[in-house]
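The next block holds one structure in the form of structure tokens; read it before the comments.
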Amino acid sequence: MNETLPSRAVYIGLWASLVLAIACNAFLDIAYGSFGKELLCWALAYGWSLRAAWRLRADPERARRLQRRVLLAVVPLALLLFLPVWGPERGGVYALAALQLANSCVCASRRQLRMGLMVSLVLVMFACSHYRADWTLLFYLLPYVAALVFTLSADEIGQRAGRTAPDQTQAAGLGLAMLAATLSILLAGGGLYALTPQPTWSTLSSAFGLSAPLGAAGDAVGAGGGAGQGVPSDSAAGGQGGDALRGAAARPGMPSWQAATMQALADGHDALSAALAPLQSHLQRQRQRLEAWAAAHRQDLLASLLALLMALLLAGLFYLVREMRAGLWLRTRADYLRLGLLGAHGVGRQGARRYWQACERLCALENAPRNPALSVREYAGTLEPLLLSPTPALQALMRGFEAARYGAHEPDRAALSQLRSHYRALYRQLRREGLLGG
């Protein structure tokens, strides 16, 4: 955890994470018109401290002296400016950001990097939970997530590259690897976020009784019923309609680039809605037809679903029985009843072959099926390590089968009787050792 930071990309990612975290908090006061100046001051301050940490990473004593000087400057600033202006909550958050400014001067290890990222995460969580935060904060929240993932990916990839090839410099290759890892993680996370249902305040209030500033239909508490046209308002629909985007772009203090982006998004939303209106109307008609057909054939659909469910259950039962090898278990018991107890083995080489096949099924029941490429003697040799004790019956059964198979004469009744005795002895031994599944 105390390993030194491997590359300048880690410092750049940490700087971007801290600046974007400050941007999320400064955006809460966007109406006062000081957003750009405040963000510029913090960006320059964090850039200076992290640049000093990069240059002094080999001289920790000078870095600590610089940290103490910065600390002596930011503590009075927090006590005399941040806390009186913003109060204990937001003032405490800005005081934490100022203390991180001093800590950034000595950011030379993974532990200090994790501390800086943790501070940025605290700042972002406070901004997102503030009552002034809304969907427009996503313009800074999404880049923060990307910067956070890039920083962690750059640190991990740089550490691994340093351990595997410490004397080689592969800046271009490492940069591409960092960007590829960041993009992969963001795509995977975005896909999972899109696929999983996301709770809202109204659903949490309905499920757990939590207080929420939303009415039953998703409108703000105390809002009117609207025009009575039966059309959901923008707030109920999530607040990202064309009119909502233009209204947010017209807020006082909104940065020009963000306002222009919102205007472009609003125009694109309106154009896309107009283009998709015929398709939506067609899909609505098809949905109504499908609902009518389903209502008319309700009993048939229920019967079909029940039949499909029974087929799935039978298929599952079949695969379960096959996995448990119930058929093979029953076959070994039938073999012992027919060959071992009743002696219905046939005559000649056919009887000897049946005894050896029954022996192979006993072994297959214990996950030792015969490989067709192995001879009888080789297969018998592979079975010995699986048994708990020496098995003369297995060797005798193998020799008797080979004698019957390759001998000049057919095995007589006495030879088959000996094979029967060896088979019964092998079966009973496997039963005593618990190798036949009960």
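Quick note: the sequence shown, position 253, residue 253 per the UniProt record's numbering, numbers continuous. Note that beta-carbon positions come from the ideal geometry of N, C-alpha and C, so glycine has one too. Keep in mind it's a predicted model, so treat the numbers as computed, not measured.
Coarse secondary structure for residue i, derived from DSSP in three states
i           : result
Trp375      : Position check: residue 375 holds Ser in this sequence, whereas Trp was assumed. Here Ser375 sits in coil by DSSP.
residue 439 : Only positions 1 to 438 of the chain appear in the structure, and residue 439 is not among them; the question remains open.
Ser417      : helix
Ser109      : strand
Asp134      : coil
Gly346      : coil
Glu323      : helix
His422      : helix
Val221      : In this predicted model, Val221 has a pLDDT of only 45, less than 50, meaning its place in the structure is not dependable enough to derive any value.
Thr182      : helix
Asp412      : coil
Thr196      : coil
Glu156      : helix
Glu360      : helix
Gly253      : coil
Leu56       : coil
Ala368      : coil
Leu341      : helix
Leu312      : helix
Leu39       : helix
Leu5        : coil
Trp329      : helix
Run of the alpha helix (DSSP H) containing residue i, from where it starts to where it stops
i      : result
Glu61  : Pro60 to Leu77
Ala98  : Leu83 to Asn103
His282 : Ser256 to Ala296
Val10  : Arg8 to Ala26
Gln395 : Pro392 to Tyr406
Ala249 : Gly242 to Ala249
Residue from the options whose Cα sits closest to the Cα of residue i
i      : options                           : result
Trp15  : Arg55, Ser120 and Pro84           : Ser120
Leu245 : Ser256, Leu265 and Trp257         : Leu265
Leu341 : Phe82, His409 and Tyr423          : Tyr423
Val10  : Leu77, Arg55 and Leu113           : Leu113
Ala352 : Leu383, Pro411, Leu328 and Leu309 : Pro411
His269 : Leu80, Leu174, Gly241 and Ala307  : Gly241
Asn25  : Gly91, Tyr46 and Arg432           : Gly91
Ala326 : Leu362, Leu308 and Leu305         : Leu362
Leu5   : Gln280, Gly162, Leu308 and Ala358 : Gly162
Met178 : Tyr193, Ser7 and Gln357           : Ser7
Gln350 : Cys105, Trp329 and Gly400         : Gly400
Whole-number beta carbon distance between residue j and residue i, since they are thought to touch under 8 Å
i           : j      : result
Ala404      : Ala415 : 7 Å
Leu99       : Val74  : 7 Å
Ala248      : Thr136 : 5 Å
residue 439 : Ala108 : Examination of residue 439 is not possible in this model, given that the chain is present from 1 through 438 alone.
Gly33       : Gly253 : 5 Å
Gly116      : Asn103 : 7 Å
Leu397      : Leu419 : 6 Å
Check: residue i C-beta below 8 Å from any heavy atom of the ligand FMN
i     : result
Trp42 : Here there are no bound small molecules, and the ligand FMN is not part of this structure.
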